[in-house]
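Q: Before anything else, here's the structure in question.
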Amino acid sequence: MKAVQYREIGKGPEVVEIDTPEPGPGQIRLKVTAAGLCHSDWFLMDLPEEQYAYPLPLTLGHEGVGVVDMLGDGVEGVEIGGSYAIYGPWGCGQCHACSKGAENYCPYAAEMGIAPPGLGAPGAMAEYVIIDDKRHLIPLGDLDPVETVSLTDAGLTPYHAITAAEHKLRPGSTAVVIGVGGLGHVGVQIIRAISGAKVIALDVSDEKLELATEVGAHHTVISDENAADRVRELTGGLGADAVFDFVGMQPTLDLSRAVVAVDGYIHIVGIGGGTLATGFFSTPFGAAVRAPYWGTRSELREVLDLAREGSVGVHVERYSIDDAVEAYAKLHKGTVRGRAVVVP
Ligand code: NAD
Ligand code: ZN
Numbered sequence: 001m002k003a004v005q006y007r008e009i010g011k012g013p014e015v016v017e018i019d020t021p022e023p024g025p026g027q028i029r030l031k032v033t034a035a036g037l038c039h040s041d042w043f044l045m046d047l048p049e050e051q052y053a054y055p056l057p058l059t060l061g062h063e064g065v066g067v068v069d070m071l072g073d074g075v076e077g078v079e080i081g082g083s084y085a086i087y088g089p090w091g092c093g094q095c096h097a098c099s100k101g102a103e104n105y106c107p108y109a110a111e112m113g114i115a116p117p118g119l120g121a122p123g124a125m126a127e128y129v130i131i132d133d134k135r136h137l138i139p140l141g142d143l144d145p146v147e148t149v150s151l152t153d154a155g156l157t158p159y160h161a162i163t164a165a166e167h168k169l170r171p172g173s174t175a176v177v178i179g180v181g182g183l184g185h186v187g188v189q190i191i192r193a194i195s196g197a198k199v200i201a202l203d204v205s206d207e208k209l210e211l212a213t214e215v216g217a218h219h220t221v222i223s224d225e226n227a228a229d230r231v232r233e234l235t236g237g238l239g240a241d242a243v244f245d246f247v248g249m250q251p252t253l254d255l256s257r258a259v260v261a262v263d264g265y266i267h268i269v270g271i272g273g274g275t276l277a278t279g280f281f282s283t284p285f286g287a288a289v290r291a292p293y294w295g296t297r298s299e300l301r302e303v304l305d306l307a308r309e310g311s312v313g314v315h316v317e318r319y320s321i322d323d324a325v326e327a328y329a330k331l332h333k334g335t336v337r338g339r340a341v342v343v344p
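Now the structure itself:
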């Protein structure tokens, strides 16, 4: 089968031919109907050799949807031909976190050698993918696979971050979204769908700010050295009740701290490598800083329900698997509008 793999440090993704995998006991094979490209793929492909902690070659793709095509021994209750979204942050399945569906916070996964598809296990950017357990499949129903696939990360991750700050997002409040890329443009829609907050979106690119307006941001601000003043102005000097930083680099973390209100929240979602000092005289009184990771199984169901009712949708750039390298190059340059999706 064809697969998009990271094979050699520093060399970027490659489209290759590999053996089609067979499901082992308890496993399920999906024929992939769509796979999304995430900036986290570049995070790991940009790591120097001494920091790279994933297997090689690695089949990419931690956003995946597909149709069940083969069942391993002992799998029951999953229908061949059924269309499913893959819940990616696989955990041990047994601990307290996993019991409540928060496998993204399983404390045992890493030591047990359990890794998400595309971020350790073979991912979905291929014609077929193996799913370790049926609990990681969420029925898509009649949702379109290509339009929906990125909700498994670019939807789920902002949803998890935003719902954890929901009590801050009352009518009259302000939410700041920094970085209107794959995650951010869905984040804006989620805030609009589930809260009464006013949304101020920031990005370095005018095209991304246009997209922000299109998906429901009330105000847009270019993310430069004047951005904090502009956000303060737009909030009557008070700052934002919740800041969602989908970049996480030093300039955006400094910006987050400069615009958060007293008793506000900063959720650092982007993994851009910056740090944010907290404590008295560093952040406003009562402000909380958190770095949430991906989301829970039940939250993925909720995000899919938001898509079903039409209040959240992904702006998709569609690519064939042969064009995946080109799509990754565009993502690296920051010129994807919304999310790039590969259709194998
Ligand atoms: P993306 O490339 O699609 O979007 C990033 C956006 O940020 C782009 O629109 C870009 O123009 C903008 N940007 C860059 N520098 C900026 C600045 N200084 N100020 C404002 N905007 C700026 O990336 P993505 O796939 O949406 O991922 C966003 C981040 O979230 C990445 O760091 C990714 O690795 C991370 N991520 C984290 C999790 C998690 O669980 N915490 C999950 C998925 C992705
Ligand atoms: Zn991701």
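Residue numbers (UniProt numbering): 1 to 344.
Where a beta carbon is used, it is the ideal one built from N, C-alpha and C, also for glycine.
Could you give the first and the last residue of the continuous beta strand (DSSP E) run that contains residue 2?
A: One-based indexing of the sequence shown puts residue 2 at position 2. Segment 2-6, the beta strand (DSSP E) holding residue 2.
Q: Below 7 Å CB to CB, which residues in the same chain sit around residue 68 once its five sequence neighbours on both sides are set aside?
A: Start at 1 with the first residue of the sequence shown, and residue 68 comes out as number 68. Closer than 7 Å at Cβ, skipping near neighbours: 28, 30, 78, 79, 80, 81, 82, 84.
Q: For the beta strand (DSSP E) that contains residue 54, what are its first and last residues?
A: Numbered from 1 along the sequence shown, position 54 holds the residue referred to as residue 54. It is not in any beta strand (DSSP E) - residue 54 carries neither H nor E in the DSSP assignment.
Q: Is the stretch 138-146 close to the stretch 159-170, with three or more CB pairs under 8 Å?
A: No, they do not touch.
Q: Hey, how far is the Cα of residue 106 from the Cα of residue 214?
A: As a working note, residue 106 is residue 106 in the sequence shown. As a working note, residue 214 is residue 214 in the sequence shown. Their Cα atoms are separated by approximately 37 Å.
Q: The beta strand (DSSP E) with residue 70 in it runs from where to where?
A: Counted from its first residue, the sequence shown places residue 70 at position 70. Where residue 70 is concerned, the enclosing beta strand (DSSP E) stretches over 63-71.
Q: Which residues count as close to ligand 2 when the rule is a CB under 5 Å from any of its heavy atoms, in chain order?
A: In chain order, the hits are 38, 40, 153.
Q: Looking only at its own chain, which residues have a Cβ that is under 6 Å from the Cβ of residue 150, when we skip the five neighbours before and after it?
A: Along the sequence shown, one-based indexing puts residue 150 at 150. Correct list, in chain order: 36, 63, 314, 339.
Q: What residue range does the alpha helix (DSSP H) around residue 221 cover?
A: Start at 1 with the first residue of the sequence shown, and residue 221 comes out as number 221. Note, residue 221: premise wrong, no alpha helix (DSSP H); beta strand (DSSP E) at 219-222.
Q: Does the Cβ of residue 178 lie closer than 6 Å to at least one heavy atom of ligand 1?
A: Numbered from its first residue, the sequence shown carries residue 178 at position 178. Residue 178 Cβ: within cutoff of ligand 1.
Q: What whole-angstrom Cβ distance do residue 127 and residue 333 have, given they're in contact under 8 Å?
A: Taking the first residue of the sequence shown as 1, we reach residue 127 at position 127. Taking the first residue of the sequence shown as 1, we reach residue 333 at position 333. In fact, because the Cβ distance is near 27 Å, the residues do not count as touching under 8 Å.
Q: Check whether the Cβ of residue 246 lies closer than 6 Å to any heavy atom of ligand 1, and answer yes or no.
A: As a working mapping, residue 246 is identified with position 246 in the sequence shown. Yes, the Cβ of residue 246 comes within 6 Å of a heavy atom of ligand 1.
Q: Residue ranges of each beta strand (DSSP E) run of no fewer than 3 residues wholly in the stretch 252-329, ordered along the chain?
A: With a minimum length of 3 residues, the continuous beta strand (DSSP E) runs that stay inside the stretch 252-329 are 260-268, 288-290, 316-320.
Q: Between which residues of its own chain and residue 298 is the CB-CB distance below 7 Å, once the five residues before and five after are set aside?
A: As a working mapping, residue 298 is identified with position 298 in the sequence shown. Result list for residue 298: 101, in chain order.
Q: Between the alpha carbons of residue 21 and residue 269, how many angstroms are there, rounded?
A: Here residue 21 is taken as the residue at index 21 of the sequence shown, counted from 1. Here residue 269 is taken as the residue at index 269 of the sequence shown, counted from 1. Going by the C-alpha atoms only, they are around 33 Å apart.
Q: Determine the closest residue to residue 236 out of 250, 243, 43, 259, with distance taken between C-alpha atoms.
A: Position 236 of the sequence shown holds residue 236. Selected option, being the one with the closest Cα: 259.
Q: Determine contact between the stretch 185-193 and the stretch 207-221, defined as no fewer than three beta-carbon pairs at a distance below 8 Å.
A: The answer is yes - the stretch 207-221 touches the stretch 185-193, with three or more Cβ pairs under 8 Å.
Q: Residues in its own chain within less than 6 Å of residue 25 by CB, not counting five upstream and five downstream?
A: Residue numbering aside, residue 25 sits at position 25 when the sequence shown is read from its first letter. Counting only Cβ-Cβ distances below 6 Å, and skipping sequence neighbours, we find 72, 73, 74.
Q: Going by CA-CA distance only, name the one from 292, 18, 312, 324 that's closest to residue 157.
A: In the sequence shown, counting from the first residue as 1, residue 157 sits at position 157. Cα-wise, what sits closest to residue 157 is 292.
Q: Report the three-state DSSP secondary structure of residue 31 (helix, strand or coil).
A: The sequence position of residue 31 within the sequence shown is 31, counting from 1. It is a strand residue.
Q: Tell me which same chain residues have a C-beta within less than 6 Å of the C-beta of residue 8, skipping the five on either side of it?
A: Within the sequence shown, residue 8 is the residue found at index 8, counting from 1. Excluding residues within five positions, none has a Cβ falling inside 6 Å.
Q: If you follow the alpha helix (DSSP H) that residue 146 is in, where does it begin and where does it stop?
A: For the purposes of this step, residue 146 is identified with residue 146 of the sequence shown, where counting begins at 1. First-last of the alpha helix (DSSP H) with residue 146: 145-148.
Q: Beta-carbon separation of residue 103 and residue 91 under 7 Å?
A: Looking up residue 103 in the sequence shown gives position 103. Looking up residue 91 in the sequence shown gives position 91. In this structure, residue 91 lies closer than 7 Å to residue 103 by Cβ.
Q: For ligand 1, is there any heavy atom lying closer than 6 Å to the beta carbon of residue 278?
A: Against the sequence shown, residue 278 aligns to sequence position 278. No - ligand 1 has no heavy atom lying nearer than 6 Å to the Cβ of residue 278.
Q: At a cut-off of 6 Å, is residue 36 close to ligand 1 when judged by its beta-carbon and the heavy atoms of the ligand?
A: Residue 36 sits at position 36 when you count from the first residue of the sequence shown. Residue 36 Cβ: outside cutoff for every heavy atom of ligand 1.
Q: Tell me whether residue 271, by its Cβ, gets closer than 6 Å to a heavy atom of ligand 1.
A: Against the sequence shown, residue 271 aligns to sequence position 271. Within the cutoff, so yes.
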